[in-house]
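Residue numbers (our numbering), protein chains in the order written: chain A, 60 to 422; chain B, 14 to 514. Just so it is clear, CB atoms sit at the ideal spot from N, CA and C, and this is done for glycine as well. Reviewing the structure listed below.
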């Protein structure tokens, strides 16, 4: 087959892919608009436009497929042609599905972003606008200057996140090492019991945990945000599985050389399990950043309030207009709180994915 | 002998069956004709709530710290702080620690957990169903002892200044409250115990496009029948509009129960006996609503894609609505939009449509305050003193109303003694002064307010009747309407019963 023909086909496939994605985007947007504002006249128009693009895509696809088949009739057999058609169809199906899912997931973020710069009047329109008519950047300034105290909230969250992550890592590493490498009576039973606690939803412990921390007089302190969650059975399990993949011979050789368990753990196990530990660190930090129910219950004062609770508590009412809330300013604050997590995910996603996939468990 | 024993057993069984049958009939009768909300509101209060006064009464020398959970924003907190300073001048030994907790549900969740560790606050914002929940643990203090006629109603406290201060609520103070709001405090169980005092209130009113009504020579409807006629005329004028919007489906159902004097719920008895809303009168009004919905006369919040119908009322493009029932606390959202620096129209405010305009009914909403039991009676007394101070304080109520959009639970003649509040009411208009206009309307209809009884499951009933209306409106045409309504009522009652059993 000539190189130019191959290039032409590649271009055609890329065009088809783009066309397909465009059709999917238009259809999905049209459906979103239809759901948000079924009464709007242009919603119907969008739906029809989306459908037209989708049909055009199918025609274009069928035409090109036929063209490929005609061009290469002498070169490839009918069976191979069918195989190819099937493969292309599967790819188109997969990418269309992924595009639709990606848009579904990203749309709320998009809506949060555009809502954060809308005026209050535009935000309240019965038919929401998909692009701000007028950009109001002052919402971001309001998020810092209002009674939100965003700086203090960030500081509190970082303190809790860093301290709880460090302490949690110590507990997790030592526990995982014990369960993976050391031999002691009842090890398996103990581990099974620990695993069994994963079956109980965390919310069920809320009341008992509250009674405990209340009896310890820990309410409205950083301790109450850190200590109850130092032990994570999931992370112990994750790291134990990782430790168990390291050959036993290394441990035995280290023992012959007279190395202590702690030294072996520090010098061998931890470096070899660094990716998983990084994943645990990131996941733990994200958990601290996102936690809401518990911090709201036990540390809802200015000195210890976390970002999630702070945003909920903040007053976004509009001065001089009783009962009115500046929702765009609230959205701006939410955007600011979301950004650090998004950055963490963007830059460290490979560690997050790797660590979770290694254990063979979904997070 | 055997035959005799057999006959006795048979006779006993028959007697039991007949007795059970009668019991069933009695229960059935109660369900259909049982006490309505008004009956419960009229129950005389017990003279005692079980409080035991410490020797020497309230000790003004002993330092007491009390906690108060609320949901006030920054501006309202400033007003509260100011009043707390004044309160501190009266009672220097009482320190109040006020904390804000998100919204009403957050306060409820917080306190429900805290009660499990006996760590609840002393005073909190509340709704009736919250108090019913707290009282499963018997945690709420009954105020009866300090109300007129109560055991300690005439007790006094001698302040540092030598002035004598009434510990109990005097009859004059009690008369300041709008009756419907005050009665909400004892809509529990047998109605004899008072667990809440009204703090800030709201209700539903009908906002209408005054310019449109005047231009088209339309009369503002006062009854439901007039409303549907008006809707028909509006549709003739503007075929693309939805003439009428009603934000809350639940309020619509509950209010119509009250206006029709038909049963809704009752706070005691078996599960079946508590949820009484499946009856002929209620089915009839749901049928009427569904027919008018199918005619395109109105919409509700859920049917309006979950957004308040005020969005339609203030919309400059179709679909618009020209009448809209919404909460007075959200009156600002009904403010007409500005077009080239001028308001697009002027809004008017009227009472919601009634079944009998001579006996109007409007739902009572908004937070009340309750006091929690404490092993230290001095804390309970300090809490009571603060609750009494804040709820009967005209200046605070006026400030709170102006800045929050809520209405005071105090009658207009008392509120007008506050110059700032009177000035606010005088400035009421259908554009910039819409919040004041709605507050004025609310204060004028002081005899209309009602509340449904509160018990564990009452909030479920409220949710379910809202869903019931939505389910009924699923009917595509009149043919399938009856079937839908029948199913909707059965499902709603069953879900309520499942919830509490």
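According to DSSP, residue 351/B shares a beta bridge with 356/B. In the structure shown, the three-state DSSP call for residue 288/B is strand. Only 355, 356, 359 and 360 from the region 341-365 of chain A bring a Cβ to less than 8 Å from some Cβ of chain B. Assignment of residue 191/B by DSSP, reduced to helix, strand and coil, places it in the coil class. Under the 10 Å beta carbon count, residue 247/B is surrounded by 16 or more other beta carbons and is classified as buried. By the criterion of a C-beta distance shorter than 8 Å, residue 127/B is surrounded in its chain by 133 and 134, once the five residues flanking it on both sides are discounted. Listed in chain order, the positions of the region 161-184 of chain A with a beta carbon within less than 9 Å of a beta carbon of chain B are 180, 183 and 184. Between residue 471/B and residue 145/B, the C-beta gap is smaller than 8 Å, which places the two residues in contact. In the DSSP assignment, residue 209/B falls outside any alpha helix (DSSP H) and lies within the beta strand (DSSP E) extending over 209-211. Residue 62/B has a beta carbon lying at 8 Å or more from every beta carbon in chain A. In terms of beta-carbon proximity, residue 235/B stays away from the interface with chain A, with every pair separated by 8 Å or more. Under DSSP, residue 78/B shares a beta bridge with 108/B. Residue 87/B belongs to the set of residues whose beta carbon lies under 8 Å from a beta carbon in chain A. Rounded to the nearest angstrom, the gap between the Cα atoms of residue 292/B and residue 514/B is 21 Å. As the crow flies, the alpha-carbon of residue 212/B is around 23 Å from that of residue 446/B. When Cβ-Cβ separations below 8 Å define contact, residue 216/B makes no contact with chain A. Counted as a single uninterrupted DSSP element, the alpha helix (DSSP H) harbouring residue 479/B occupies residues 471-485.
Residue 209/B is positioned such that its CB atom lies no closer than 8 Å to that of residue 423/B. Collapsing the DSSP output to three states places residue 455/B in a helix.
With a 10 Å radius around the Cβ and a threshold of 16 neighbouring Cβ atoms, residue 364/A comes out buried. With respect to the 8 Å criterion, residue 457/B and residue 509/B are not classified as neighbours on the basis of their beta carbons.
Buried is the label assigned to residue 336/B, since at least 16 other Cβ atoms lie within 10 Å of its Cβ. Neighbours of residue 265/A in chain B, taken as residues at a C-beta separation under 8 Å, are given in chain order as 126. Residues of chain B whose Cβ lies closer than 7 Å to the Cβ of residue 374/A are, in chain order, 86 and 87. Inclusion of residue 482/B and residue 302/B in the CB contact set at 8 Å is warranted, their separation being smaller than that value. Per DSSP, the beta-bridge partners of residue 217/B are 340/B. A Cβ-Cβ contact shorter than 8 Å links residue 182/A with residue 387/A. Listed in chain order, the alpha helix (DSSP H) elements of length 4 or more contained wholly in the region 155-222 of chain A are 179-182 and 197-204.
Not one beta carbon of chain A lies nearer than 8 Å to the beta carbon of residue 353/B. Scanning 90/B, 273/B and 82/B for the CA closest to the CA of residue 409/B turns up 90/B. Comparing C-alpha distances from residue 360/B to each of 182/B, 467/B, 178/B and 220/B shows the shortest one belongs to 220/B. Judged by beta-carbon spacing, residue 140/B lies beyond the 8 Å limit of residue 421/B, meaning their Cβ atoms are not closer than that value. Annotation for residue 170/B: the continuous beta strand (DSSP E) segment containing it runs 169-171. Only 380, 381, 382 and 383 from the region 380-407 of chain A bring a Cβ to less than 8 Å from some Cβ of chain B. With respect to the C-alpha of residue 325/A, the residue from 244/A, 81/A, 233/A and 361/A having the closest C-alpha is 233/A.
Residue range 141-147 is occupied by the alpha helix (DSSP H) that includes residue 141/B, with no beta strand (DSSP E) assigned at that position.
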